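Below is one structure, written out as structure tokens, with a few remarks after it.
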Amino acid sequence: MLLMTICDAQLSSTFYDNTCPNALSTIRTVIRSAVSKERRMAASLIRLHFHDCFVQGCDGSILLDDSSSIESEKSALQNANSIRGYSIIDQAKTQVEKLCPEVVSCADIVAVAARDASFAVGGPSWTVKLGRRDSTTASKNPQRVNEYFRLEITREAVGIRQREKEREETMATLQQFTFTDFKPSSSLPNKSSSARNRTFLIKASSSSSPLEHSTTTRRHLIAQSATAISLSFSLPPPLAKSEDSLSEWERVFLPIDPGVVLLDIAFVPDDPNHGFLLGTRQTILETKDGGNTWAPRSIPSAEEEDFNYRFNSISFKGKEGWIVGKPAILLYTADAGDTWERIPLSAQLPGDMVYIKATGEKGAEMVTDEGAIYVTSNRGYNWKAAVQETVSATLNRTVSSGISGASYYTGTFNTVNRSPDGRYVAVSSRGNFYLTWEPGQPFWQPHNRAVARRIQNMGWRADGGLWLLVRGGGLYLSKGTGLTEEFEEVPVQSRGFGILDVGYRSTDEAWAAGGSGILLRTTNGGKSWIRDKAADNIAANLYSVKFIDDKKGFVLGNDGVLLRYLG
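Below is the structure:
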């Protein structure tokens, strides 16, 4: 007789809750410390987990060293110069072993470390199923050694020939010119004489005779060339200059990580030089010189929980200010931002808070991405709904009224903008229709889009009319100054990149910004636009144009890009 026993082992996110309850928090502490010292380590730990799972499952075999019986994955040719982060896993394992000896597997530590590393740099988080057992051997995929080395030999030969050709071309070029002088350029838009704001031009004189007959020897020439090249690499890149002498903006460099997306900016009315800048990855910056320089601002009440907040909106009225973010967080200040307190919010709040407007003493108006509008008059302790239902509920009643795309509505706004008199215009997440709301209306009013392409963003002109941006770079203006579904297209030179926002400096002057550094200006109310080519050299998407007043304006982008209006 043959007896068989079936064992069913299941992974579980609560696998160590009883045997080592502090294991996950201990691993998270080690990973956060490592990533804070070197942000690249986050990607390395994710890659380490990927390689561990690549062959025969996620079993921790990537951590094994060479022995007489196995060839380690560490030394495998496919992993050479590709995997790092072993020491971080060792540190996490050491700390966990102090708590719970021989309980938590290395395979689980690698999996949890990848998750924690992603979250530490603002990436996604996920539930990790635990209970993996560590492997005692390593497996590898077969290698086609002969083909690999033949490819390497061919590549090396091609590289040698290419370098020889480049040297010949370089010497031929050098024989035509002799570098005679270096001088500072006087054509830069920034007139500062400091070294960090200067570029250098190389003067060259053409010679029809071979280099050997020149008064400058070949060795001397090569030395001068090397000096020129070293200068070009050691100096910062030259500031962008508009081909049409139109540029009225300067870039302000910020003390933040490159991946941060800037989302909103506001200044204290009672102190125009004092302002705050918000962004992703829990970014809050503060300026006290009108936006020339910025410093990180820490708000303890926003750091108590284990969240990486995305601060969406900020607004001031007098010395009172408000900040909202995602996950749900509301901050309030009564002393111009010197101190901030956190206001509790209901867990039943529909949607994420995307906008807030300070309206008066202890008063504010808050909007969520599901169309809920709330007002408070007592510092946020109580909120009153300004609309009777969310947008989803409204569309369920009006889906048969001819609103194109309402049946595909996903329930959130893509953008929402408020006029100075309290009217709102919002674009659906798919961009197939838009909605408006005025104070006193019980619910949002949906509107068909008047253009073929989907809507990117909408907002209010200085004269009370609407502007509309479509995906792919189109710009439209509404007819008249009231709410209407009639729009006229305005020709713009967007180079095929999308325009993402429009900001009005005055009734006649406005600026539009978009993808790949697109920056446009109008001085006739939007009838015609001129592209500011100075921004073409900015490798970022410009998401938002904010004018605090007619003399102070900013453009906010991704990768920490901030432009300041010079006027």
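Just so you know, the sequence shown maps onto residues 1 to 567 in the UniProt record's numbering. Even for Gly, the Cβ is constructed at its ideal location relative to N, Cα and C. Here the structure is a predicted model, which is why all the values come from computation and not from measurement.
Per-residue burial, residue i [other beta carbons within 10 Å of its own, 16 or more giving buried]
i: Pro446; result: buried
i: Gly360; result: exposed
i: Gln456; result: buried
i: Ser494; result: buried
i: Thr481; result: exposed
i: Ser44; result: buried
i: residue 627; result: The requested residue 627 does not occur in the structure, where the chain is confined to residues 1 to 567.
i: Ala364; result: buried
i: Gly557; result: buried
i: Leu566; result: exposed
i: Ala107; result: buried
i: residue 615; result: There is simply no residue 615 to check, as the chain begins at 1 and stops at 567 in what is shown.
i: Thr94; result: exposed
i: Gly318; result: exposed
i: Gly496; result: exposed
i: Asp52; result: buried
Whole-angstrom distance between residue j and residue i, CA atom to CA atom
i: Arg423; j: Arg454; result: 22 Å
i: Pro420; j: Thr333; result: 22 Å
i: Ala347; j: Asp90; result: 40 Å
i: Phe554; j: Val545; result: 6 Å
i: Arg39; j: Ala114; result: 13 Å
i: Gly473; j: Ala328; result: 33 Å
i: Ser25; j: Lys552; result: 46 Å
i: Tyr148; j: Arg84; result: Residue confidence is low: Tyr148 scores 42 on pLDDT, short of 50, so the model does not pin down where it sits. No coordinate-derived value is stated.
i: Val561; j: Leu254; result: 8 Å
i: Ile356; j: Val367; result: 6 Å
i: Asp116; j: Tyr86; result: 15 Å
i: Glu250; j: Asn537; result: 12 Å
i: Ser135; j: Val110; result: 13 Å
i: Cys7; j: Arg132; result: Residue placement at Cys7 is flagged as unreliable, the pLDDT there being 41, under the threshold of 50; the coordinate-derived value follows with that caveat. One C-alpha to the other measures close to 15 Å.
i: Asn524; j: Thr29; result: 56 Å
i: Gly60; j: Thr280; result: 34 Å
i: Glu320; j: Thr287; result: 17 Å
i: His49; j: Pro269; result: 51 Å
i: Ser478; j: Val354; result: 25 Å
i: Gly275; j: Gly291; result: 7 Å
i: Thr507; j: Ala462; result: 5 Å
i: Asp257; j: Leu563; result: 17 Å
i: Trp294; j: Gly337; result: 14 Å
Same chain only: Cβ atoms within 8 Å of residue i, ignoring 5 sequence neighbours per side
i: Thr436; result: Arg423, Tyr424, Val425, Ala426, Trp444, Gln445, His447 and Leu483
i: Ser301; result: Leu331, Trp340, Glu341 and Arg342
i: Thr127; result: Ser13
i: Cys20; result: Val96, Leu99, Cys100, Val103 and Val104
i: Val451; result: Leu468, Val470, Gly474, Tyr476, Phe487 and Glu489
i: residue 599; result: Shown here, the chain extends from 1 to 567; a query on residue 599 therefore has no answer.
Close beta carbons around residue i, own chain, < 6 Å, minus the five adjacent residues each side
i: Asp264; result: Leu278, Ser313 and Ile314
i: Leu519; result: Ala513, Asp532 and Ala535
i: Thr394; result: Phe443 and Trp444
i: Trp383; result: Tyr374 and Thr376
i: Trp529; result: Val492, Leu520 and Thr522
i: Phe307; result: Pro327
i: Val517; result: Correcting the residue type first, residue 517 is Gly in the shown sequence and not Val. Answer for Gly517: Ala535, Asp536 and Ile538, listed in chain order.
For residue i, the first and last residue of its enclosing alpha helix (DSSP H)
i: Ile109; result: Cys106 to Ala120
i: Ile27; result: Ala23 to Lys37
i: Ile89; result: Tyr86 to Leu99
Cβ shell of residue i (< 7 Å), same chain only, five flanking positions each side left out
i: Ser298; result: none
i: Ile548; result: Phe267
i: Ala510; result: Val502, Gly503, Tyr504, Thr522 and Gly526
i: Ala42; result: Val35, Ala117, Ser118, Ala120 and Val121
i: Ile46; result: Ala114, Ala117 and Ser118
i: Val416; result: Val354, Tyr355, Val367, Tyr424 and Ala426
The beta strand (DSSP E) enclosing residue i, as first and last residue numbers
i: Lys546; result: Leu542 to Phe547
i: Ala266; result: Leu262 to Val268
i: Ala539; result: Run containing Ala539: none; DSSP gives neither H nor E here.
i: Ser428; result: Tyr424 to Ser428
i: Leu566; result: From DSSP, Leu566 is part of no beta strand (DSSP E); its letter is neither H nor E.
i: Val252; result: Trp249 to Val252
i: Leu330; result: Ile329 to Thr333
i: Phe433; result: Phe433 to Trp437
i: Thr415; result: Phe413 to Arg418
i: Gly337; result: Unbroken run through Gly337: none, as it is neither H nor E.
i: Glu320; result: Glu320 to Lys326
i: Asn18; result: Element bounds for Asn18: n/a, residue is neither H nor E.
Q) Where are the beta strand (DSSP E) runs, 3 residues long or more, that stay fully inside the segment 459 to 530, in chain order? A) Counting only runs of 3 or more, we get 466 to 470, 474 to 478, 487 to 490, 499 to 504, 510 to 514 and 519 to 522.
Q.
Ignoring anything shorter than 3 residues, give me the beta strand (DSSP E) runs that lie fully in the segment 283 to 313, in order along the chain.
A. Taken in chain order, the unbroken stretches of beta strand (DSSP E) that lie wholly in the segment 283 to 313 and span 3 residues or more are 283 to 287.
Q: Report the residue ranges of all beta strand (DSSP E) runs contained in full by the segment 351 to 386; include only those spanning at least 3 residues, in chain order.
A: Here the runs fully enclosed are 353 to 360, 363 to 368 and 373 to 376.
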